Amino acid sequence: MERIEYLYELCEALPRSGPGDNECTRRAFNLIPQHVAHPFILDIGCGQGMQTIELAKISNGKIIALDNHQAFLDILMARARNEGLEDNISPQNMSMLDMNFEEESFDIIWSEGALYFMGFTNGLKRCHQLLKEKGCLAVTELVYTNPNPPKAVVDYFEDEYPDIKNIDGNIETIKKAGFNLISNFTLPESAWLNNYYLPIEKELPRLIKKYQGNKVASQVFVEFKNEADFYRKYSKFYGYEFFVMQKNRITSRAT
Ligand SMILES: C[S@@+](CC[C@H](N)C(=O)[O-])C[C@H]1O[C@@H](n2cnc3c(N)ncnc32)[C@H](O)[C@@H]1O
């Protein structure tokens with residue numbers, strides 16, 4: 616099996632595949648100015664859809680839940696059926712790099728911990744094209760939350776996410792992409808731990824046992840454990856920022 620398959624096996628057992636929680640999803644949604652009664656929403660990189668389900672509950676809208684891993688979409692739709700929300704969510708197995716929706720078709724675009732797969736700047740540009748005039752985008756992005764991260768943190772992100780910026784740097788990128796920032800807030804540590812690192816640490820012993828002697832699998836699982844330890848040690852220097860913004864031009868002039 617390839618690395619990514621062990622990663623998927625772990626993530627499929629979690630409540631979600633990245634930091635976040637329903638409270639933050641609701642807080643971000645409530646920042647969006649008054650919108651149509653039944654907004655058309657695109658959730659990019661929805662994973663197993665904790666935020667998709669929450670959005671379906673609070674938005675009164677129709678949601679396209681897009682991910683390129685079918686097993687996540689299956690988990691999402693099983694959860695949606697349990698909540699009686701399956702008619703509000705339409706799963707789409709598609710790469711965000713190949714989104715072929717009509718331009719200016721969405722009222723709201725959502726993406727928690729996923730837009731960076733397109734590159735943050737590029738992702739903003741694509742969302743700008745897909746949003747209706749005055750449409751809103753809510754996205755979480757990994758940021759430095761402290762102006763002076765120690766060398767260990769800088770070195771770590773040079774390898775893990777060289778595009779990382781501070782909050783102001785991201786706000787500048789957002790403005791250049793043709794959006795007005797409505798508001799932003801940093802996800803609390805509990806959003807990293809409760810739905811993500813703690814469930815990972817709960818699953819790891821089972822998977823380590825299952826794949827004993829498998830070097831590829833062990834490497835993947837050790838990396839997750841190290842990532843959680845690194846976060847606990849340095850969480851005051853980086854985090855996820857929720858940026859909520861509104862399209863301010865009809866045609867994107869992002870460079
Ligand atoms: C960090 S997870 C976040 C999932 C979910 N939004 C959450 O917060 O729990 C990133 C998601 O992006 C999806 N993904 C990665 N590359 C993708 C691509 N090119 N197109 C669509 N989805 C992609 C992954 O399958 C995964 O579900």
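First residue of the sequence shown? That's 616 in this note's numbering, and the numbers climb one at a time after it.
Ideal placement from N, C-alpha and C gives every residue a C-beta, glycine not left out.
Only a predicted model underlies this, so the values are computations on that prediction, with no experimental measurement involved.
Return the residue from the list ALA767, LYS790, VAL758, VAL768 that minimises the CA-CA distance to ASP778.
VAL758
Once you ignore the five residues that flank PHE732 on each side, which residues in its own chain have a CB closer than 7 Å to its CB?
Closer than 7 Å at Cβ, skipping near neighbours: GLY660, MET711.
For ligand 1, is there a heavy atom less than 7 Å away from the beta-carbon of ARG631?
yes
Using beta-carbon positions only, say whether TYR623 and ALA832 come within less than 8 Å of one another.
No, they are not a contact pair.
Beta-carbon proximity check, PHE716 vs LYS747, cutoff 8 Å
Their beta carbons are not under 8 Å apart, which means PHE716 does not touch LYS747 by this criterion.
Over the uninterrupted beta strand (DSSP E) stretch that includes ILE815, give me the two end residues.
Premise fails: ILE815 lies in the alpha helix (DSSP H), 813-825, not in any beta strand (DSSP E).
Where VAL859 sits in the DSSP three-state scheme:
strand
Runs of alpha helix (DSSP H) wholly within the region 738-825 (minimum 4 residues, chain order)
766-775, 782-791, 804-807, 813-825
Cβ of PHE858 versus every heavy atom of ligand 1: is any distance shorter than 7 Å?
Not a single heavy atom of ligand 1 lies less than 7 Å from the C-beta of PHE858.
Taking only three categories from DSSP, how would you classify LYS830?
helix
Backbone CA spacing between ASP773 and ALA767 [nearest angstrom]
According to the sequence as given, residue 773 is Glu; it is not Asp. For GLU773 and ALA767, the distance between alpha carbons rounds to 10 Å.
For a quick check, are the C-beta atoms of SER674 and PRO706 less than 8 Å apart?
Their beta carbons are not under 8 Å apart, which means SER674 does not touch PRO706 by this criterion.
So, under 8 Å CB-CB, GLY728 and GLY633 are touching, yes? Tell me the CB distance rounded to an integer number of Å.
Contact between GLY728 and GLY633 holds, since their C-beta atoms are separated by about 3 Å, short of 8 Å.
When every heavy atom of ligand 1 is checked, does at least one fall within less than 7 Å of the C-beta of MET692?
No; taking the cut-off as 7 Å, the Cβ of MET692 has no heavy atom of ligand 1 nearer than that.
Could you check the C-alpha separation between GLN744 and ILE823 for me, to the nearest Å?
44 Å
Coarse secondary structure for ASN703, derived from DSSP in three states
DSSP, read as helix, strand or coil, puts ASN703 in helix.
Given a cut-off of 8 Å on the beta-carbon distance, is the pair THR801 and LEU739 in contact?
no
Less than 7 Å between the CB of GLY854 and some heavy atom of ligand 1, yes or no?
no
With respect to the alpha helix (DSSP H) encompassing SER720, which residues constitute its N-terminal and C-terminal limits?
From DSSP, SER720 is part of no alpha helix (DSSP H); its letter is neither H nor E.
Buried or exposed (CB count within 10 angstroms, at least 16 for buried), ASP658:
buried
Using 10 angstroms around the beta-carbon of PRO764, count the other beta-carbons present and answer buried if the total reaches 16, otherwise exposed.
buried
Would you mind stating whether GLY662 and ASP689 have Cβ atoms separated by less than 8 Å?
With respect to the 8 Å criterion, GLY662 and ASP689 are not classified as neighbours on the basis of their beta carbons.
Is the region 684-704 touching the region 662-672 in the sense that three or more CB pairs, one from each, lie closer than 8 Å?
Contact between the region 662-672 and the region 684-704 is present: 3 or more CB-CB pairs across the two stretches fall below 8 Å.
With DSSP run on the structure shown, which of helix, strand or coil describes ARG868?
At ARG868, the pLDDT of 47 sits below 50, so the modelled position is not reliable; the number obtained from the coordinates is stated separately. ARG868: coil per DSSP, three-state reduction.
Nearest-angstrom Cα separation, counted from ARG696 out to SER867
Because the pLDDT at SER867 is just 44, under 50, the model does not fix this residue reliably, and the value given afterwards should be weighed accordingly. Whole-angstrom Cα-Cα distance: 37 Å.
Since LEU688 is in the alpha helix (DSSP H), which residue starts that stretch and which ends it?
685-697
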